[in-house]
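Undergrad: Structure in structure tokens, see below.
Residue numbers (UniProt numbering): 1 to 254.
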């Protein structure tokens, strides 16, 4: 068993990580949020990135999770895993980690290759309790995780320029971002993420620190992984694999 698989097994077997009650889940988030670490991410040293995603419909229990590892330089798929699962936690905004992470962890535990960085389709510190699914995964496994989401969960921001690579900060606090300066926020605001234009004239993505990465490096990595499409390639591949796998499972059930 690989080191990551061993970590996954320990995390999944610990009942303290998986409360049934939403109030207990919020309390658990607050405890774990104190363990999030921001560390410099050397993007040039990253060779393998695992894209992670989950697919399900709120009106049924079919759920699929996928982990797809890509080579950063070639953007070719190195390894992929998809699994099906039954959710054990209700669908509650802000608490998706308790619903989605168990199958994601199972998929990660099945990988034979160890990536350098993990990329979640979701938020990290851009969350009301600074503990979205990317931070949740990172803290549980103590691994570098970046959050890259397609819509806003929490925070304020101005609109970045239309050219690829333009960005503005996402902030929390009593003030809004300075519209003409992406590097600054008004006094009293906390920068919790970055609104990043990965493709000219196309909607941006929302990048935030998960764990053991920094915001600058996270945004640079997401941009490098998005040469043609809005969504970074590892997540795009994971999203497609998730959808295909869930449809296959539903079809097999009749």
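For every residue, glycine included, the Cβ atom is placed at its ideal position computed from N, Cα and C.
Residues in its own chain within less than 6 Å of residue 15 by CB, not counting five upstream and five downstream?
TA: Within the same chain, residue 15 has no close Cβ partners at all.
Undergrad: Do residue 97 and residue 70 come within 9 Å of each other at the CB atom, strictly closer than that value?
TA: Contact: no.
Undergrad: Are the CB atoms of residue 112 and residue 33 within a distance shorter than 9 Å?
TA: No, these two residues do not count as a Cβ contact at 9 Å.
Undergrad: Rounding to the nearest angstrom, what Cα-Cα distance links residue 29 and residue 194 in this structure?
TA: So the two alpha carbons sit approximately 22 Å from each other.
Undergrad: Taking C-alpha atoms, which residue in 253, 234, 250 lies nearest to residue 145?
TA: Comparing Cα-Cα distances from residue 145 to each of 253, 234, 250, the minimum goes to 234.
Undergrad: In chain order, which continuous runs of the alpha helix (DSSP H) of length 4 or greater are located wholly inside the segment 108 to 149?
TA: Runs of the alpha helix (DSSP H) inside the segment 108 to 149: 133 to 141.
Undergrad: Using alpha carbons as the reference points, say which of 140, 47, 200, 45 lies closest to residue 167.
TA: Minimum Cα distance to residue 167 is reached at 200.
Undergrad: Can you tell me which of the three DSSP states residue 260 falls into?
TA: Shown here, the chain extends from 1 to 254; a query on residue 260 therefore has no answer.
Undergrad: Go to residue 31, then tell me how far its alpha helix (DSSP H) extends in each direction, as first and last residue.
TA: Note, residue 31: alpha helix (DSSP H), 22 to 33.
Undergrad: Taking all protein chains shown into account, decide if residue 53 is buried (16 or more other Cβ within 10 angstroms of its Cβ) or exposed.
TA: Classification of residue 53: buried, given that the 10 Å Cβ count is 16 or more.
Undergrad: Could you say which of 24, 89, 118 lies nearest to residue 100 if we only look at CA atoms?
TA: The shortest Cα separation from residue 100 among 24, 89, 118 belongs to 89.
Undergrad: Can you say whether residue 45 is buried or exposed, counting buried as having 16 or more other CB atoms within 10 angstroms of its CB?
TA: Residue 45 should be labelled exposed.
Undergrad: Hey, which unbroken runs of the alpha helix (DSSP H) at 4 residues or more fall wholly within the segment 178 to 236?
TA: Complete alpha helix (DSSP H) runs here, min 4: 215 to 224.
Undergrad: Since residue 4 is in the alpha helix (DSSP H), which residue starts that stretch and which ends it?
TA: It spans 3 to 13 - the alpha helix (DSSP H) in which residue 4 sits, taken as one unbroken run.
Undergrad: Does DSSP put residue 62 in a helix, a strand or coil?
TA: Residue 62 falls in the coil class under three-state DSSP.
Undergrad: In angstroms with no decimal places, state the Cα-to-Cα distance between residue 239 and residue 172.
TA: The straight-line gap from Cα to Cα measures roughly 29 Å.
Undergrad: Where does residue 246 land, buried or exposed, given buried means 16+ other C-beta within 10 angstroms?
TA: Buried: at least 16 other Cβ atoms inside 10 Å.
Undergrad: Output the distance between the C-alpha atoms of residue 157 and residue 252, rounded to the nearest integer angstrom.
TA: Spanning the two alpha carbons is a distance of roughly 44 Å.
Undergrad: Opposite residue 167 in the DSSP bridges: which residues?
TA: In the DSSP output, where bridge partners are listed per residue, residue 167 has 196.
Undergrad: Please list the terminal residues of the continuous beta strand (DSSP E) segment that includes residue 52.
TA: Start and end: 48 to 56.
Undergrad: Measure from the alpha carbon of residue 219 to the alpha carbon of each residue in 75, 202, 149, 244, then state which is nearest.
TA: The shortest C-alpha separation from residue 219 is found at 149.
Undergrad: Among the residues of its own chain, which have a CB less than 8 Å from the CB of residue 163, if the five just before and after it don't count?
TA: 197, 200, listed in sequence order.
Undergrad: What residue range is occupied by the uninterrupted beta strand (DSSP E) comprising residue 45?
TA: Unbroken run through residue 45: none, as it is neither H nor E.
Undergrad: Once DSSP output is grouped into helix, strand and coil, what is the label at residue 79?
TA: Three-state result, residue 79: strand.
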